[in-house]
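Peer 1: Residue numbers (my numbering): 4 to 159.
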Amino acid sequence: MAFNKLTIQLKLSSKARREGDCLVWFGDKDPCGYGRIRYAGKKGYPAHRLAYELRHGEIPAGLVIRHKCDNPSCINVDHLETGTHKQNSADSVERGRAIRAKGESHGRAKLTQSQVDEIRRRYIPGKHGHGSHALAKKFGVAQSTLMAILRGVHWK
Ligand SMILES: [Zn+2]
Numbered sequence: 004m005a006f007n008k009l010t011i012q013l014k015l016s017s018k019a020r021r022e023g024d025c026l027v028w029f030g031d032k033d034p035c036g037y038g039r040i041r042y043a044g045k046k047g048y049p050a051h052r053l054a055y056e057l058r059h060g061e062i063p064a065g066l067v068i069r070h071k072c073d074n075p076s077c078i079n080v081d082h083l084e085t086g087t088h089k090q091n092s093a094d095s096v097e098r099g100r101a102i103r104a105k106g107e108s109h110g111r112a113k114l115t116q117s118q119v120d121e122i123r124r125r126y127i128p129g130k131h132g133h134g135s136h137a138l139a140k141k142f143g144v145a146q147s148t149l150m151a152i153l154r155g156v157h158w159k
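#1: On the DSSP letters alone, give me the boundaries of the alpha helix (DSSP H) that Val119 sits inside.
#2: Give me, in chain order, the residues of the same chain whose beta-carbon lies closer than 6 Å to that of Ile127; leave out the 5 immediate sequence neighbours on both sides.
#3: For Lys130, which of helix, strand or coil comes out of DSSP?
#4: With a Cβ-Cβ cutoff of 9 Å, do Pro75 and Gly36 count as a contact?
#5: State the CB to CB distance for the pair Glu80 and Arg52, rounded to an integer number of angstroms; the pair is presumed to be in contact (CB under 8 Å).
#6: Please list the terminal residues of the continuous alpha helix (DSSP H) segment that includes Ile152.
#7: Applying the criterion that 16 or more other CB atoms from any shown protein chain within 10 Å of the CB defines a buried residue, is Leu149 buried or exposed?
#8: Give me, in chain order, the residues of the same chain whose beta-carbon lies closer than 6 Å to that of Ser135; leave out the 5 immediate sequence neighbours on both sides.
#9: Can you give me the start and stop residues for the beta strand (DSSP E) that Leu53 sits inside?
Here it is in structure tokens:
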């Protein structure tokens, strides 16, 4: 480890503030709102992941860190748990993060691959209930996001 635990702890707490129960990172963030920290030779190490590793040790390969509080910027270890990628996207949709991302210019839609497939299947330009506006509303994403999905920007 490049830094000792105390150094990491200080690095993390120096750029986070309490908001309710959450410890919200206000340093550098990625477009999804996850905190980024310079660590282990990387410029953009996920801050919440580092906070989790600090307490629980290394995260097994293939697992992601999920936010129980649904706030990507939160680094409160009590709000973090491990999960799979699949659970993560299912959760986001369930908890309505996708709906809240609406209108956020940088908010990337949290849709499952099957929803993306469904959008592409249903999309018929100009047809009532099948146009981009209707589908965006149905799936709780911004119309621009939906158009990007149709163009294959986010989903190859
Ligand atoms: Zn939290």
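Beta carbons: idealized from backbone N, C-alpha and C, even for Gly. This structure is a prediction, so every number in the text was calculated from the model and none was measured.
Peer 2: According to the structure shown:
#1: 116-125
#2: His133
#3: coil
#4: Yes; because the gap between Cβ atoms is below 9 Å, this pair is in contact.
#5: The amino acid occupying residue 80 in the given sequence is Val; Glu does not appear at that position. About 11 Å separates the two Cβ atoms, so there is no contact after all.
#6: 146-154
#7: buried
#8: Gln146, Leu149, Met150
#9: Premise fails: Leu53 lies in the alpha helix (DSSP H), 50-59, not in any beta strand (DSSP E).
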